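Comments concern the structure below.
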Amino acid sequence: MPATILVYTQFPTTVSRRIPNDWKWTRTLAFPLDDLAKLKLSPTPFKWIRYATGVVVGAQGDLSHQRDSVALVNYDDPLPGESLELYYHVSDEKKLHMFPLDPLLANSRTATPSAKSTRQANFGGEVMQRDGGRKGSSYIEAFTRGRHRGPDDENDIIDDIDSVRNGLFLDKALHAELGSDFAILVTPNFAMDTSDVDVQPGTHGHGQRYTAHFFDLPFVAASNLPGRAIRTPDEMSEWPPTMLFDAVYASAVLHHFGVVPPRTLDPWNDIFYSGERTTTEQVDEQRRREQEAKEDEQTEQSRLERNERYMQRRTGGSAVDGIDPLMLPYMLIPRDRMAKYAEERQEALAEEEREVLEAKVSSWRDKKNEEEKKEWEEIHIFLFLEPLSLRGSLRALLVLLPYPCWPSCSSILSSSWSSTLALRRWPCERRQGRLKSRARTSSECDEELWMLRDGGGGEGRPLLPRVTVVAACDKGQSRLARDGFPLYL
21 MPATILVYTQ FPTTVSRRIP NDWKWTRTLA FPLDDLAKLK LSPTPFKWIR
71 YATGVVVGAQ GDLSHQRDSV ALVNYDDPLP GESLELYYHV SDEKKLHMFP
121 LDPLLANSRT ATPSAKSTRQ ANFGGEVMQR DGGRKGSSYI EAFTRGRHRG
171 PDDENDIIDD IDSVRNGLFL DKALHAELGS DFAILVTPNF AMDTSDVDVQ
221 PGTHGHGQRY TAHFFDLPFV AASNLPGRAI RTPDEMSEWP PTMLFDAVYA
271 SAVLHHFGVV PPRTLDPWND IFYSGERTTT EQVDEQRRRE QEAKEDEQTE
321 QSRLERNERY MQRRTGGSAV DGIDPLMLPY MLIPRDRMAK YAEERQEALA
371 EEEREVLEAK VSSWRDKKNE EEKKEWEEIH IFLFLEPLSL RGSLRALLVL
421 LPYPCWPSCS SILSSSWSST LALRRWPCER RQGRLKSRAR TSSECDEELW
471 MLRDGGGGEG RPLLPRVTVV AACDKGQSRL ARDGFPLYL
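See below:
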């Protein structure tokens with residue numbers, strides 16, 4: 021391999037351009053020493069290399085012999101006699117404003133030699149098919165706005181693709197080679213002064229100058245054009261801005277010396293083609309998903325390894341899983357005996373459940389009977405006779421009394437009251453009086469109290485069940501009322 025100067029620059033590894041730690045050193049340009057000597061682009065080649073690198077990456081920086089620190093080269097040194105590696109350092113602040121070439125254009129310029137002609141021939145057609153002739157103005161505005169550096173360059177922004185400042189009158193042959201084998205160097209610039217350019221004899225070497233540079237070696241050897249200044253108008257207000265000349269020069273440099281890996285400049289796609297989902301974004305999205313899937317797989321693998329180490333510690337390092345001693349008796353029992361045991365166990369559980377249910381039912385039944393008995397003993401109706409002076413009639417008081425008071429009822433009955441008390445509840449029983457003999461349902465026995473009259477054998481009117489009232493009644497027939505219901509004796 022011939023002696024070569026390799027230049028490394030930093031580019032972001034993701035779409036985001038604002039994370040300094042995501043930038044990595046990438047081989048960008050390779051300058052064969054013999055070619056640089058024959059092209060005679062500058063008597064101070066390191067200054068020219070600095071300029072060429074700067075217009076390619078779109079940021080001002082410095083060349084250093086070291087990657088991790090800025091050990092500046094001597095820009096006035098001649099070309100070395102052997103290969104050399106240089107690193108183009110750009111400050112973090114300037115990285116935020118870094119604006120390289122159009123990624124699609126750069127990819128076409130850095131294609132492999134076997135694919136160059138086809139790729140370059142298709143480039144214009146692909147752009148026309150993609151943009152449809154409608155995005156030229158937004159494209160040129162995005163580029164000039166991204167390349168301008170401060171308020172002094174505000175007038176250099178072009179917002180119309182058909183602007184006269186976006187054109188240059190050239191020979192047809194030169195126009196075809198512009199940006200590939202031919203470009204125009206504007207000096208002074210951030211890296212070079214006009215005196216740093218090889219010029220034809222008799223050409224001035226100071227002030228602003230536009231110098232024609234050819235990069236095709238056979239053409240350079242046969243002509244005297246390299247280093248000749250081009251003619252400029254007296255009125256420069258309509259002249260193309262310097263940033264466009266720099267962009268064309270960067271295109272030619274990439275065409276001949278570029279070794280940038282494909283898709284390196286794709287993080288800037290969103291600026292050139294805003295509103296579109298770029299190929300880089302799709303690739304980054306796919307890469308992100310693959311990375312997430314890989315991380316998930318690694319996490320699962322780590323979990324399995326942790327579990328395996330845990331089981332090994334638990335079993336004392338044995339590769340065979342330990343046997344739970346509690347399961348050992350069941351493992352030694354024959355299958356048929358185990359099935360019979362399971363069936364018997366299910367039957368025993370069912371019997372236990374049935375006994376529990378029967379006990380609950382029996383307990384509920386006993387409790388219910390106790391409640392009914394208590395209610396039957398505590399709620400009864402009696403008559404107390406008490407002489408009351410009301411219209412000359414004997415009255416009685418009807419009250420609620422408990423069962424122990426029943427025996428006193430017969431002693432307080434008098435001849436002035438001709439009725440006999442009879443009570444009936446479920447179960448039907450005789451209580452201190454005659455009960456009308458007839459068939460009655462349990463509901464009637466449970467819910468009704470009867471008062472029967474003596475002598476005539478007639479049936480008295482039914483009292484309301486569980487009557488809790490205090491009322492007066494005359495000898496014979498009196499009307500009592502509770503809650504709107506008539507009650508007769």
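So my numbering is basically just the index in the sequence shown, starting at one, shifted up by 20.
Note that the Cβ used here is the ideal one computed from N, Cα and C, for glycine as well.
All of these numbers come straight from a predicted model, not from anything done at the bench.
Touch test, the region 257-273 against the region 80-99, Cβ-Cβ under 8 Å, three pairs minimum: no
Selected residue, minimal CA-CA separation from I250, among A211, T284 and T207: If you number the sequence shown from 1, residue 250 lands on position 230. Answer by Cα proximity: T207.
Run of the beta strand (DSSP E) containing K44, from where it starts to where it stops: Numbered from its first residue, the sequence shown carries residue 44 at position 24. W43 to P52 is the span of the beta strand (DSSP E), which, as asked, contains K44.
Meets three-Cβ-pair contact criterion under 8 Å: the region 45-63 and the region 73-82: Result yes; three or more Cβ-Cβ pairs closer than 8 Å.
Buried versus exposed, by CB contacts within 10 Å (16 or more), P354: One-based indexing of the sequence shown puts residue 354 at position 334. If you draw a 10 Å sphere on the C-beta of P354, you find fewer than 16 other C-beta atoms in it, and that means exposed.
At least three beta-carbon pairs within less than 8 Å, the region 274-286 to the region 251-262: no
Cβ-based burial, G101 [other Cβ within 10 Å; buried from 16]: One-based indexing of the sequence shown puts residue 101 at position 81. By the neighbour-count rule (16 or more Cβ atoms within 10 Å), G101 is not buried but exposed.
Beta-carbon gap between K58 and M212 smaller than 8 Å: In the sequence shown, residue 58 corresponds to position 38, counting from 1. In the sequence shown, residue 212 corresponds to position 192, counting from 1. Contact flag unset, no.
Those residues which DSSP pairs with D514 across a bridge: Because the chain in this structure spans residues 21 to 509, residue 514 falls outside the shown range and cannot be described.
Own chain, CB closer than 6 Å to E367, minus 5 neighbours either side, in chain order: Translated into positions along the sequence shown, residue 367 becomes position 347. There are no such residues.
Best match in W43, G78, V77 and T24 for proximity to P65 [C-alpha to C-alpha]: Working through the sequence shown from its first residue, we reach residue 65 at position 45. Per the Cα distances, T24.
Proximity to F234 [Cα-Cα], best of K60, E315 and L26: Counting from 1 along the sequence shown, the entry for residue 234 is found at position 214. The candidate whose alpha carbon is nearest that of F234 is K60.
Residue range of the beta strand (DSSP E) that includes Y28: As a first step, residue 28 must be located in the sequence shown, where it is residue number 8. From DSSP, the beta strand (DSSP E) with Y28 extends over T24 to P32.
In DSSP terms, what R229 is bridged to: Here residue 229 refers to the residue found at position 209 of the sequence shown. For R229, which the question treats as bridged, DSSP gives the partners T207.
Opening and closing residue of the alpha helix (DSSP H) in which T73 lies: For the purposes of this step, residue 73 is taken as residue 53 along the sequence shown, with counting starting at 1. Its alpha helix (DSSP H) spans residues P65 to V77.
Beta-carbon proximity of D42 to T33, cut-off 8 Å: Position 22 of the sequence shown holds residue 42. Position 13 of the sequence shown holds residue 33. Contact: yes.
Expected contact under 8 Å - CB spacing of Y107 and R87 to nearest Å: Position 87 of the sequence shown, counted from the first residue, corresponds to residue 107. Position 67 of the sequence shown, counted from the first residue, corresponds to residue 87. 5 Å between Cβ atoms; contact.
Range of the contiguous alpha helix (DSSP H) that encloses P238: For the purposes of this step, residue 238 is taken as residue 218 along the sequence shown, with counting starting at 1. L237 to A242 is the extent of the alpha helix (DSSP H) around P238.
Residue burial classification, G227 (beta-carbon count within 10 angstroms, cutoff 16): Here residue 227 is taken as the residue at index 207 of the sequence shown, counted from 1. So G227 counts as exposed.
Contacting residues, own chain, Cβ-Cβ under 8 Å from L377 (five flanking each side not counted): Taking the first residue of the sequence shown as position 1, residue 377 is located at position 357. No residues qualify anywhere along the chain.
Status (buried if at least 16 other CB within 10 Å, exposed otherwise) for T461: Locating residue 461 in the sequence shown gives position 441, where the first residue counts as 1. In this predicted model, T461 has a pLDDT of only 40, less than 50, meaning its place in the structure is not dependable; the value taken from the coordinates is given anyway. T461 comes out exposed.
Three-state secondary structure (DSSP) of F202: As a position in the sequence shown, residue 202 is number 182, starting the count at 1. If DSSP states are grouped into helix, strand and coil, F202 belongs with the strands.
Start-to-end residues for the alpha helix (DSSP H) that takes in A267: Here residue 267 corresponds to residue number 247 of the sequence shown, with the count starting at 1. Unbroken alpha helix (DSSP H) run through A267: T262 to F277.
For L56, the nearest candidate out of R385, P22 and M118 (CA to CA): If you number the sequence shown from 1, residue 56 lands on position 36. The shortest C-alpha separation from L56 is found at P22.
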